[in-house]
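Chemist: Numbering (mature numbering (1 follows the signal peptide of the UniProt record, and there is no 0)), first residue to last: -20 to -1, 1 to 611. Beta carbons are placed, not taken as given, at the ideal position from N, Cα and C, and that holds for glycine.
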Amino acid sequence: MKKLPLLTLSLILAACGSQTSPEGGSVAVSAKSSTVTAASGNLPGSTSFTFTNKAGGREVTVSTATITWTDPTSNTAKSETVNLSPFTLPSGFTCANTTSSCNYNDPGTTPADRSVERTISDADLFSKVLAANPAVTSLPLSVRFNDSQNAVPFTFTSKTTTGGDGSGTPAETAPAPLITINSTGTPPFSGSLSVSVSGNFDVTSKVKSLVLEVRDSKGNIDNTTYTSANANATFSIDTTKYADGNLTLKAIALTESNLRGESSLQTVNILNVAAPTMSIVSPDAGATITGPTTVRVQFRQSVSTFKLQPISGTDDVKLEVRDFRGQVVKTVYGQALQVSSGIYEAFIPLDIIGPEFSSNTYNITATAQAILADGSTRSLSSSNNVTTQVSDNKPPALSILMPGYIADPYATPTRAIITRTSAIAIQTSDDNGVSSLRVDLVCDPATAVSGQVCPSAPYSYNVPVNLAGIMFRVFELGALMDAQPYVQNGNYTMRVTSYDGTNANIQEMPIRISRTASESMIAGLGSGVVTTVVPDSTPGAVNPTSATWTIPGSTTNEVRVITLAYDNSMATLTPTRQRIDPVLPAGTVLSVTQAFKDEGSYRIDYIVQDLKTGFTRYYQGGEVVVKKNPS
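1) Please tell me whether Ser138 and Val116 are closer than 8 Å, where the distance is taken between their beta carbons.
2) Alpha carbon to alpha carbon, how far is Gly36 from Leu105?
3) Hey, out of Val429, Pro515, Thr399 and Thr74, whose CA is closest to Gly88's CA?
4) Is it buried or exposed for Ile398, if we count other Cβ within 10 angstroms and need 16 for buried?
5) Taking the alpha-carbon positions, what's the Ala391 to Tyr385 distance?
6) Per the DSSP calculation, Pro329 is bridged to which residue(s)?
7) Opposite Thr285 in the DSSP bridges: which residues?
8) Taking Ala316 as the reference, give the member of Ala326, Gln307 and Asp196 with the closest Cα.
9) Using the rule of at least 16 other Cβ atoms within 10 Å of the residue's Cβ for burial, across every protein chain shown, is Pro157 buried or exposed?
10) Please classify residue 615 as buried or exposed, where buried requires at least 16 other C-beta atoms within 10 Å of its C-beta.
11) What are the complete beta strand (DSSP E) segments, minimum 3 residues, inside the stretch 219 to 249?
12) What are the partner residues of Thr214, as DSSP defines its beta bridges?
13) For the beta strand (DSSP E) containing Phe29, list its first residue and its last residue.
14) So what's Lys198 in DSSP terms, helix, strand or just coil?
15) From the DSSP output, in three-state form, read off Val569 for me.
16) Would you decide whether Gly4 is buried or exposed? Buried here means 16 or more other CB atoms lie within 10 Å of its CB.
17) Using the beta-carbon count (16 or more within 10 Å), is Asp51 buried or exposed?
18) Excluding the 5 residues flanking Pro515 on each side, which residues of the same chain have their C-beta closer than 7 Å to its C-beta?
19) Quick one: complete alpha helix (DSSP H) runs, 4+ long, within the stretch 289 to 376?
20) Got a sec? Which residues, its chain only, sit under 7 Å from Leu121 by beta carbon, not counting five neighbours each side?
21) Going by beta-carbon coordinates alone, are Ser526 and Asn412 separated by less than 8 Å?
22) Looking at the secondary structure, which residues open and close the alpha helix (DSSP H) in which Ser107 lies?
23) If we count the other Cβ atoms within 10 Å of its Cβ and call it buried at 16 or more, is Ile(-9) buried or exposed?
24) For Glu456, does the three-state DSSP call read helix, strand or coil?
25) Can you name, in chain order, every residue of its own chain whose Cβ lies under 6 Å from the Cβ of Pro66, other than the five neighbours on each side?
26) Check whether the Cβ atoms of Tyr441 and Arg418 sit closer than 8 Å, and answer yes or no.
27) Would you report the Cα separation of Ile493 and Pro425, rounded to the nearest angstrom?
28) Would Val572 pass as a contact of Thr554 if the rule is Cβ separation under 8 Å?
29) Just verifying my parser: in three-state terms, what is the DSSP assignment at Ala497?
30) Are Asn485 and Pro375 touching if we call contact CB-CB under 8 Å?
31) Let me check understanding here. Comparing Cα to Cα, which of Leu570, Ser28, Arg124 and Val476 lies closest to Ser507?
32) Going by DSSP, what residue range makes up the beta strand (DSSP E) through Arg583?
33) What are the boundary residues of the beta strand (DSSP E) that Leu421 is part of?
34) Distance check for Val422 and Thr401, CA to CA, integer angstroms please.
35) Which value, in whole angstroms, describes the spacing of the CA atoms of Val541 and Thr274?
36) Which residues in the same chain have their Cβ closer than 7 Å to the Cβ of Lys186, if we skip the five residues on either side of it in sequence?
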């Protein structure tokens, strides 16, 4: 059976509440002096008290004192209660760390008396007594602090001097302010620091202002933040506003009659841990770079000193350049040097204009590791987007997607067949922009069929583009065959040229132009697209809710298919979406269903090539207009 540890009586009492004496308090108070003397209506002195929290007592906050005496004229009991700058007595326990309070259940805790000395100005305690007794000698009185078990006896004497006007009114004296640090713990302090200021104003004085002046370790003086119009005040100092090191505190008290008093200086040490700021000063965000540049990275100290941790050799700043895909395409390093107090800068050369870089948008990210005053490490980073503009020496990319080769052109010289119902599909791209696309049908007498006459110039179809990036284009080549110029049946080289204004890319494919009706059909498929819709009459709903575009029948042979979607754009040349199926097996039904969420116009087209015969046909679907029903 497991034995539980025994609890002492003191611990049991502490768990249930503080121990109390027969007089009803847990705090005993004694004073180092038992006499108080006012001179010229002023209480310039102070009294040191010892507050003892008895063994097992709970933590206590002292904030008031009640002074009791017998009025010498009326022989009646009098009392006054005054508010003090609050302070806390630790609980009546000792433990391994004797500088702080202990809880009864902390390891190594032992009930024991805990004492704290506190100096309280006589003006704070006895000004009301002086006001009631401006001229007494050896007046007995007692002071009892809240939650104390005993009253502290004093003998109070006040002496009257004649004022300058001979009226006998006590002469006003200058205030003598005192500073008390309320925050506990071991310096250096951080965050908020609690400081109480007692003005120690003469009983006859009117308060003009009470100021807590703060001077930081760099000599900067703040005498406007912490002010009060009361005789006593407690301020919470935000230490993060000041440089790490010593704060020098001074209290200044001013009366309406322009008497001034200053406290002695008190010094407290502060240390706040905060990372420096990091920024890319140049190049500016959004800048256009046309050649090699220098990236200027700046670090600014906040309230904490810092140093940078080396990343590569002696270099402590890292630059990464990412392209539009987010991939790192270049990494360089540099070293930051101090340029003024608290400011470090690194100047890092960067070249992203070489032949391996295109004109585009790039992200420059600078990173570093800062070691702060307390030894902790913080990761720092800053980034800017820039645009590069380089000499364009690369042609656009270009591919003929439809028709495709139905056999290896290097082994079997077969040709795709273009009829009146055919179309071709092209994909091209360029970082600077494609200015135009041109389709030429070139006749070569060496490959011409019997009766075919080759013209001196090719049949050309030119379409402006003026777009950057990847784009698709559809040409209804079959619809142009019978126009002027007329394209004879026969063999041709279909030449496609993509041009970016400086450079061109040319791709060629052998085709055969045919007007034979049987060569315009895809085996197993009908001649058009059947479009069906699903209506919905619900108020406020989109109508129809979906549509299906189907080519009747199923394929007899393997086919190559491009499916073209047009969403709110009926421009035949430019689909908004496309899908390529390089090979679909025999027996495939070509059908697409699209559901609608928004109003607009929609269409699905197909370009189908029979991979056995080479026949190529363009199927254009019906336009479906989607609208919302009235609510």
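Modeler: Taking the coordinates as given:
1) For the purposes of this step, residue 138 is taken as the residue at position 158 of the sequence shown. For the purposes of this step, residue 116 is taken as the residue at position 136 of the sequence shown. Yes; because the gap between Cβ atoms is below 8 Å, this pair is in contact.
2) The count along the sequence shown starts at 1 and reaches residue 36 at position 56. The count along the sequence shown starts at 1 and reaches residue 105 at position 125. Gly36 and Leu105 have their C-alpha atoms some 29 Å from each other.
3) As a first step, residue 88 must be located in the sequence shown, where it is residue number 108. Nearest of Val429, Pro515, Thr399 and Thr74 to Gly88, Cα basis: Thr74.
4) The residue given as residue 398 occupies position 418 in the sequence shown. Ile398 comes out buried.
5) The residue you call residue 391 lines up with position 411 of the sequence shown. The residue you call residue 385 lines up with position 405 of the sequence shown. Taking the straight line from one Cα to the other gives about 11 Å.
6) Translated into the one-based positions of the sequence shown, residue 329 becomes position 349. Paired residues: Thr274.
7) Here residue 285 refers to the residue found at position 305 of the sequence shown. Thr285 pairs with nothing; no bridge assigned.
8) Position 336 of the sequence shown, counting from 1, holds the residue named residue 316. Nearest of Ala326, Gln307 and Asp196 to Ala316, Cα basis: Ala326.
9) On the sequence shown, residue 157 is found 177 positions in, with the first residue counted as 1. Pro157 is buried by the Cβ-count criterion.
10) In the structure as shown, the chain begins at -20 and stops at 611. Residue 615 is therefore absent and cannot be evaluated.
11) If we require 3 residues or more, the beta strand (DSSP E) runs fully inside the stretch 219 to 249 come out as 225 to 235 and 240 to 242.
12) Along the sequence shown, one-based indexing puts residue 214 at 234. In the DSSP output, where bridge partners are listed per residue, Thr214 has Ser176.
13) By one-based count along the sequence shown, residue 29 stands at place 49. That run of the beta strand (DSSP E) goes Ser26 to Asn33.
14) Stepping through the sequence shown from its first residue, residue 198 is reached at position 218. In this structure, Lys198 counts as coil in the three-state DSSP scheme.
15) Stepping through the sequence shown from its first residue, residue 569 is reached at position 589. Val569 falls in the coil class under three-state DSSP.
16) Taking the first residue of the sequence shown as 1, we reach residue 4 at position 24. Any reading at Gly4 needs caution, since the residue's pLDDT is 37, under 50, leaving its predicted position unreliable; the model's value is listed next. Exposed: under 16 other Cβ atoms inside 10 Å.
17) As a working mapping, residue 51 is identified with position 71 in the sequence shown. Flag for Asp51 reads exposed.
18) To locate residue 515, count along the sequence shown from 1; it is residue 535. The answer, listed in chain order, is Asn523 and Pro524.
19) At a cut-off of 4 residues, not a single continuous stretch assigned as alpha helix (DSSP H) sits fully inside the stretch 289 to 376.
20) As a working note, residue 121 is residue 141 in the sequence shown. Excluding residues within five positions, the ones whose Cβ falls inside 7 Å are Ile47, Thr48, Trp49, Val109, Phe134 and Phe136.
21) Start at 1 with the first residue of the sequence shown, and residue 526 comes out as number 546. Start at 1 with the first residue of the sequence shown, and residue 412 comes out as number 432. The answer is no: Cβ separation not under 8 Å.
22) Here the question's residue 107 lines up with position 127 in the sequence shown. Ser107 -> alpha helix (DSSP H) spans Asp102 to Ala112.
23) As a working mapping, residue -9 is identified with position 12 in the sequence shown. In this predicted model, Ile(-9) has a pLDDT of only 42, less than 50, meaning its place in the structure is not dependable; the value taken from the coordinates is given anyway. With fewer than 16 Cβ atoms within 10 Å of its Cβ, Ile(-9) is classed as exposed.
24) On the sequence shown, residue 456 is found 476 positions in, with the first residue counted as 1. Three-state DSSP puts Glu456 in coil, outside helix and strand.
25) Along the sequence shown, one-based indexing puts residue 66 at 86. Once the five neighbours on either side are set aside, the close Cβ partners of Pro66 are Thr41 and Ser43.
26) On the sequence shown, position 461 is the one that residue 441 refers to. On the sequence shown, position 438 is the one that residue 418 refers to. Yes, the pair counts as a contact, with Cβ atoms nearer than the cut-off.
27) The residue given as residue 493 occupies position 513 in the sequence shown. The residue given as residue 425 occupies position 445 in the sequence shown. Each residue's Cα considered, the two are about 15 Å apart.
28) The count along the sequence shown starts at 1 and reaches residue 572 at position 592. The count along the sequence shown starts at 1 and reaches residue 554 at position 574. No, these two residues do not count as a Cβ contact at 8 Å.
29) For the purposes of this step, residue 497 is taken as residue 517 along the sequence shown, with counting starting at 1. Looking at Ala497 - three-state DSSP - the assignment turns out to be helix.
30) Translated into the one-based positions of the sequence shown, residue 485 becomes position 505. Translated into the one-based positions of the sequence shown, residue 375 becomes position 395. Against a cut-off of 8 Å, the Cβ pair of Pro375 and Asn485 comes out as a contact.
31) What you label residue 507 is simply residue 527 of the sequence shown in a count that begins at 1. Looking at the Cα atoms, Leu570 is the closest of the given residues.
32) On the sequence shown, residue 583 is found 603 positions in, with the first residue counted as 1. Note, Arg583: beta strand (DSSP E), Gly580 to Asp590.
33) Position 441 of the sequence shown, counting from 1, holds the residue named residue 421. Unbroken beta strand (DSSP E) run through Leu421: Ile404 to Val422.
34) Within the sequence shown, residue 401 is the residue found at index 421, counting from 1. Within the sequence shown, residue 422 is the residue found at index 442, counting from 1. Thr401 and Val422 have their C-alpha atoms spaced approximately 20 Å apart.
35) Residue 541 sits at position 561 when you count from the first residue of the sequence shown. Residue 274 sits at position 294 when you count from the first residue of the sequence shown. So the alpha carbons of these two residues sit roughly 51 Å apart.
36) Working through the sequence shown from its first residue, we reach residue 186 at position 206. Thr235 and Glu236, listed in sequence order.
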